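Working notes, beginning with the structure itself.
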Amino acid sequence: MSRVELSGITKRFGAFEAIRGIDLTVEDGEFAVFVGPSGCGKSTLLRLICGLEVPTEGAIRFDDRDVRGVPPAGRRLAMVFQSYALYPHMSVAENMGFALRMAGISRAERAVRVARAAETLQITRLLERRPKELSGGQRQRVAIGRAIVREPSLFLFDEPLSNLDAELRVEMRAELMELHRRLATTMIYVTHDQIEAMTMADRIVVLRDGRIEQAGSPTMLYERPANRFVASFIGSPRMNFLAARVTRVEPGRVTIDLPGLLPGVAGEPLALAVAERHGLRIDDSVELGVRSEHLGLEPRPHRLQARISFSEYVGGAWHLHAGDHPAGRLVLRHAGAPIHAGETLELGLDMAGCHLFAPSGLRVSV
Ligand code: ATP
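Under my numbering, the first residue of the sequence shown is numbered 482, with each subsequent residue one higher.
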């Protein structure tokens, strides 16, 4: 069992600060996913936890034990990388048992652990094969098997599925989640794929430029993103951001003017409930964030007119794109009869699903 606590972690490579003051605790048994764009520091953070890199500042504790100076081999963890080199001249069973042999574990014990891991990963029938006789997915399973046999108290995964084709990725994702359920071991998983993060994580940690933008459950990040960056990173299709202007500020409520908004029922203004300290002033440029499912053909008090520039069939539904709306580009999901490019629609805004972003990018709506 392992709880991983990072406090005030900074990592500099020369003058470049790759990780900037990160505080984070991954709880015992949790499946945490680090996600973010290329270069945000995901792998560096994982390598710091693993012990392959040393923090410039800050402390890392495993179950309250400071692991400073403890080499990777002494940390009771196993790491699975994107590119996993299996020994080509060894069988699957030998590949899986190799680290145990190096650690001086008896042949009998090795055989038991390899058999158990193989069964977990459903590769028992492959144990005598060589790596070249395996598919990509089977090889990745062996790489994971190699990690499992060591019975670590912490698993670290660095984009382990990115070399697999789309179908296999989905399958392996499910298997890793099942593995986590069965082993109940702490797992930290790095990916740049937000769908992977959404489907697998107990908790997602969104990173940008070496900092945590937000950490929370997939639902929390989707429904209550802390800022525009998280809102745009999580969710597919991406959230729509409509440029608007603040026209009125009252306690707990901000009214905005949205270009292209059709006259509302009885001229009702577009207003959102906001947090106490929103810092907005009249005339500020803000953005209204609305996910595709909160924009539709249903009649609603607040409506926008949009001309469809193209539609994509995504299986059972269409993604309709409106490229020339005065407030910004729009994408919505539509499940009815096909709608073609060039058609003009009236789209209802579901205000309960709308977010307001301040000029700083912070979400200020409640
Ligand atoms: P990707 O998704 O592309 O793998 P990442 O989020 O994992 O990206 P890191 O590999 O952690 O990013 O790198 C974070 C930043 O630190 C990058 O700008 C990278 O160039 C820099 N960096 C990483 N390792 C080193 C190093 N050894 N020396 C100098 N700079 C480094």
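Here a beta-carbon is modelled for each residue, glycine too, at the ideal position from N, C-alpha and C. Note that this is a predicted model, so its numbers are computed, not measured.
Closest option to Arg591, judged by alpha-carbon separation, among Glu652, Glu600, Glu575 and Val795: Glu575.
As a beta-bridge residue in DSSP terms, Gly697 pairs with Ile685. Counting only the Cα atoms, Lys613 lies some 7 angstroms from Pro569.
If you look at Leu645, you'll find it isn't in any beta strand (DSSP E); DSSP assigns it neither H nor E.
The beta carbon of Gly741 sits closer than 6 angstroms to the beta carbons of Leu785, His806, Pro807 and Ala808 from its chain, once the five residues preceding and following it are set aside; these are given in chain order.
The C-alpha of Phe838 lies about 14 angstroms from the C-alpha of Met832.
The way I'd put it, the segment 513-523 does touch the segment 664-677; three or more beta-carbon pairs between them come closer than 8 angstroms. Pairing Pro553 with Ile500 gives a Cβ-Cβ distance that is not under 9 angstroms. According to the DSSP assignment, Glu600 belongs to the alpha helix (DSSP H) that extends over Arg588 to Thr601. Judged by their CB atoms, Met720 and Val771 are nearer to each other than the 9 angstroms cut-off.
In this structure, Val548 keeps its C-beta atom at 9 angstroms or more from the C-beta atom of Val623.
Taking all protein chains shown into account, Arg729 has fewer than 16 neighbouring C-beta atoms within 10 Å of its C-beta and is therefore exposed. Within the chosen limit of 8 angstroms, the ligand ATP does not reach the beta carbon of Pro536 with any heavy atom. Around the ligand ATP, the residues whose beta-carbon falls short of 5 angstroms from at least one of its heavy atoms are Phe494, Ala499, Ser519, Gly520, Cys521, Gly522, Lys523, Ser524, Thr525 and His673, given in chain order.
Contact annotation: Phe710 and Thr666 have beta-carbon atoms that are not nearer than 9 angstroms. Here Arg709 carries a helix assignment [DSSP, helix/strand/coil]. Residue environment analysis places Asp504 among the exposed positions, since fewer than 16 neighbouring C-beta atoms fall within 10 angstroms of its C-beta. A direct Cα-to-Cα measurement between Ala598 and Gly489 gives close to 37 angstroms. Nearest Cα to Phe497 within the set Cys521, Ala559 and Val767: Cys521. A direct Cα-to-Cα measurement between Asp544 and Leu558 gives close to 13 angstroms.
If you compare the alpha carbons of Arg662, Gly691, Val651 and Asp764 with that of Met679, the shortest gap goes to Val651. In terms of Cβ geometry, Lys492 and Leu688 do not form a close pair [threshold 9 angstroms].
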